[in-house]
Amino acid sequence: MSIRIPDEQVDLIRRSADIVEVISDYVQLKKQGRQYIGLCPFHGEKSPSFSVSPDKQLYHCFGCGAGGNVFSFLMELEGLSFIESVRKLGTKLNIDLPEAMTSERNAVDGPHETMRTAHELAAKLYYHVLTLTEQGADGREYVKERGFTREQIEQFQIGFAPDRWDSLTTILDKREYSLDLMVEAGLLGERESKDGYFDRFRNRLMFPIWDGQGKVIAFGGRTVSDEKPKYLNSADTPIFHKGQTLYGIHLARPSIRKEGSVILFEGYVDVIAAWGAGLTNTVATLGTALTEEQGRIIRRNAETVTICYDSDNAGINAAFKSASILKQAGCIIKIADMPEGMDPDDYIRTYGAERFKSDVIGASMTFMSFKMRYLRRGKNLANEAERMRYIEEVLSEISTLTRAVERDHYLRQIAEEFSLSLEALKQELQQNIRSNKKENQYSSVDKPKPTRKTFETKRLLPAYHNAERYLLAHMMRDVEVADAVLERIGGEFNIDEHQAIAAYLFAFYGEGNEANASQFIQSLKDEKLIRITTELAMLSVNEQYQEQELLDYMKQIETYPKRVQIQQKELEMKREQDPLQAAKLLMEINRMKQELY
Numbered sequence: 000m001s002i003r004i005p006d007e008q009v010d011l012i013r014r015s016a017d018i019v020e021v022i023s024d025y026v027q028l029k030k031q032g033r034q035y036i037g038l039c040p041f042h043g044e045k046s047p048s049f050s051v052s053p054d055k056q057l058y059h060c061f062g063c064g065a066g067g068n069v070f071s072f073l074m075e076l077e078g079l080s081f082i083e084s085v086r087k088l089g090t091k092l093n094i095d096l097p098e099a100m101t102s103e104r105n106a107v108d109g110p111h112e113t114m115r116t117a118h119e120l121a122a123k124l125y126y127h128v129l130t131l132t133e134q135g136a137d138g139r140e141y142v143k144e145r146g147f148t149r150e151q152i153e154q155f156q157i158g159f160a161p162d163r164w165d166s167l168t169t170i171l172d173k174r175e176y177s178l179d180l181m182v183e184a185g186l187l188g189e190r191e192s193k194d195g196y197f198d199r200f201r202n203r204l205m206f207p208i209w210d211g212q213g214k215v216i217a218f219g220g221r222t223v224s225d226e227k228p229k230y231l232n233s234a235d236t237p238i239f240h241k242g243q244t245l246y247g248i249h250l251a252r253p254s255i256r257k258e259g260s261v262i263l264f265e266g267y268v269d270v271i272a273a274w275g276a277g278l279t280n281t282v283a284t285l286g287t288a289l290t291e292e293q294g295r296i297i298r299r300n301a302e303t304v305t306i307c308y309d310s311d312n313a314g315i316n317a318a319f320k321s322a323s324i325l326k327q328a329g330c331i332i333k334i335a336d337m338p339e340g341m342d343p344d345d346y347i348r349t350y351g352a353e354r355f356k357s358d359v360i361g362a363s364m365t366f367m368s369f370k371m372r373y374l375r376r377g378k379n380l381a382n383e384a385e386r387m388r389y390i391e392e393v394l395s396e397i398s399t400l401t402r403a404v405e406r407d408h409y410l411r412q413i414a415e416e417f418s419l420s421l422e423a424l425k426q427e428l429q430q431n432i433r434s435n436k437k438e439n440q441y442s443s444v445d446k447p448k449p450t451r452k453t454f455e456t457k458r459l460l461p462a463y464h465n466a467e468r469y470l471l472a473h474m475m476r477d478v479e480v481a482d483a484v485l486e487r488i489g490g491e492f493n494i495d496e497h498q499a500i501a502a503y504l505f506a507f508y509g510e511g512n513e514a515n516a517s518q519f520i521q522s523l524k525d526e527k528l529i530r531i532t533t534e535l536a537m538l539s540v541n542e543q544y545q546e547q548e549l550l551d552y553m554k555q556i557e558t559y560p561k562r563v564q565i566q567q568k569e570l571e572m573k574r575e576q577d578p579l580q581a582a583k584l585l586m587e588i589n590r591m592k593q594e595l596y
């Protein structure tokens, strides 16, 4: 059943929403003049090309061309329908929605939304069992031993899955959820005999895993007995992908913005312990190595990252790999130095919050210092050959540093430690740098084309094209300008997309609407037109324009077809073999040129 939302309701939600606030939930934005800029969430980039205008309530990426208003942002990023984006914003803003949208919600929701609501229901069940029932006694004993406070349990909605096969199965069945769909969602399992279902999580402390907006999409279960495995996480499902999810990102985002940095842990227990220590700008991976996608998510939210992993070999190797990924994403890296044999949760419980903040997080080392320590592992530096190999490896890493001050700093460390000539080290470093440049040149020759989306540098546009762009930009800002254009040239734009935008804009004003770029873009249906229109609306134009400026734009548009005809005649004249006919063409060309002025 199709549900139509009254235009008045849509306009109220659009006017009430602050696009900067909404997008800031996904992207770290920094004010630059009248705009806000950040890293585009729709394609990977290291330098910000994503711009948000609070005045126009629009966004536009100058790299990939994505653009639109607050509704189209949610639709494109989260894959929502228009109705779902309106509903999501309406709920966020506490604006009452038509009864049809709420009473018939299930008719609109697809299987993914059903999976999310089932996870929310499961989270409430597990939390209830842990905090209020006898079945949660073992779980309560465990959290007491781990030192989790009531505030931590409530903040992270920690729960307990009863030691039964059918607790969640029974509830989901009574609520008329499709149990086959619940198997696909990772909440239930199906018996081998195919004659029933069972709870996938049993007798475990349960940690809800949320998406970036705080919706439960998976669980992590920690055994409270000797059962194996110790930790059991949800497998990937249609709504949950380990490599695209960071534990606690929705809770940490306000602190990340305030601090301008994020602390990265390996597991959710470390995040919970850090919150108890007063560190709330913390996130974690989910039992797997950091992925490039997670690295991009972190970079969109913060520039500086402190990696705080376990101090064992596995943790050190993981920190090195994660730091390399984050460096590639454009982050500034710090590495916390955990004492051997301890993880962050152990340290906090043993030494307390203040020492963790000062002696671990506060004493973090640079990525280069960490690399130098990493390269020392397993080497006997008293042995000349191993010492020389270590120095060569360190010089190779120093040669990748872009700042001369950093290079000089670490060269002096090496020179002092091993009593080497600083000048000799500098010469060796310059050879490495030259070798790197040559390798990059040679490798780029046969380098395969990247599979991800690439973007061409925009070429300079001809005068008539720019005239159409700037005229349309003025038309979207001022109804009177649109009226003047309609009277003089109508919809006779030379570029098809511009002609279509002008036609829609004339119709938009004809319905009695005021100049409002966000509202106008919302009325468009074609994705290509939306992107072009958004780019035009974000153009920097002179608000105090002169009438002559608009007349010049219109003249450029009017005369372009004649200029094309003149060019065609000139080509025809060059090819003409008959002198008399060529002279006639020249006279015609001169006449046409006179008509242009």
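Read in order, the letters of the sequence shown correspond to residues 0 to 596 in numbering that gives the first Met the number 0. Backbone N, C-alpha and C fix where the C-beta goes; we use that ideal spot for every residue, glycine too.
Nearest-angstrom Cα separation, counted from residue j out to residue i
i, j, result
"residue 221", "residue 205", "7 angstroms"
"residue 314", "residue 324", "15 angstroms"
"residue 123", "residue 500", "49 angstroms"
"residue 250", "residue 157", "14 angstroms"
"residue 420", "residue 411", "9 angstroms"
"residue 592", "residue 495", "25 angstroms"
"residue 467", "residue 560", "13 angstroms"
"residue 558", "residue 595", "7 angstroms"
"residue 174", "residue 183", "17 angstroms"
"residue 403", "residue 41", "34 angstroms"
"residue 61", "residue 580", "50 angstroms"
"residue 576", "residue 490", "40 angstroms"
"residue 470", "residue 512", "19 angstroms"
"residue 26", "residue 37", "7 angstroms"
"residue 143", "residue 152", "11 angstroms"
Short Cβ contact (8 angstroms threshold) for residue i with residue j
i, j, result
"residue 241", "residue 303", "no"
"residue 34", "residue 51", "yes"
"residue 114", "residue 237", "yes"
"residue 270", "residue 246", "yes"
"residue 536", "residue 472", "yes"
"residue 93", "residue 18", "no"
"residue 232", "residue 285", "yes"
"residue 571", "residue 584", "yes"
"residue 202", "residue 165", "no"
"residue 488", "residue 565", "no"
"residue 355", "residue 276", "yes"
"residue 43", "residue 295", "yes"
"residue 298", "residue 329", "yes"
"residue 588", "residue 573", "no"
"residue 121", "residue 178", "no"
"residue 176", "residue 117", "yes"
"residue 523", "residue 503", "yes"
Assigned exposure category for residue i - 16 Cβ within 10 Å defines buried
i, result
"residue 582", "exposed"
"residue 194", "exposed"
"residue 244", "buried"
"residue 379", "exposed"
"residue 6", "exposed"
"residue 55", "buried"
"residue 66", "buried"
"residue 321", "buried"
"residue 84", "buried"
"residue 59", "buried"
"residue 215", "buried"
"residue 370", "buried"
"residue 28", "buried"
"residue 46", "exposed"
"residue 563", "exposed"
"residue 148", "exposed"
"residue 342", "buried"
C-beta neighbour in chain B for residue i, strict 8 angstroms
i, result
"residue 153", "You won't find chain B in this structure, because it holds only one protein chain."
Same chain only: Cβ atoms within 7 angstroms of residue i, ignoring 5 sequence neighbours per side
i, result
"residue 159", "125, 128, 129, 135, 138, 204, 205"
"residue 12", "85, 88, 89, 92, 94"
"residue 268", "344"
"residue 141", "204, 223"
Cut-off 8 angstroms between Cβ atoms - residues of its own chain near residue i, not counting five sequence neighbours on either side
i, result
"residue 389", "374, 375, 378, 380"
"residue 367", "396, 397, 400, 405, 409"
Other residues of its chain near residue i: CB distance less than 6 angstroms, five sequence neighbours each side excluded
i, result
"residue 427", "394"
*Is the stretch 426-433 in contact with the stretch 392-408, if contact means three or more CB pairs nearer than 8 angstroms?*
Enough Cβ pairs lie closer than 8 angstroms, so yes.
_Closer than 8 angstroms is the cut-off here; do at least three beta carbon pairs connect the stretch 362-381 with the stretch 279-298?_
The stretch 362-381 is not in contact with the stretch 279-298.
*Would you check if there are 3 or more beta carbon pairs closer than 8 angstroms linking the stretch 84-98 to the stretch 58-73?*
Verdict: yes, contact present.
*Count the CB pairs spanning the stretch 463-479 and the stretch 528-544 that are closer than 8 angstroms, and state whether there are at least three.*
Yes, since at least three Cβ pairs between the stretch 463-479 and the stretch 528-544 fall closer than 8 angstroms, the two stretches touch.
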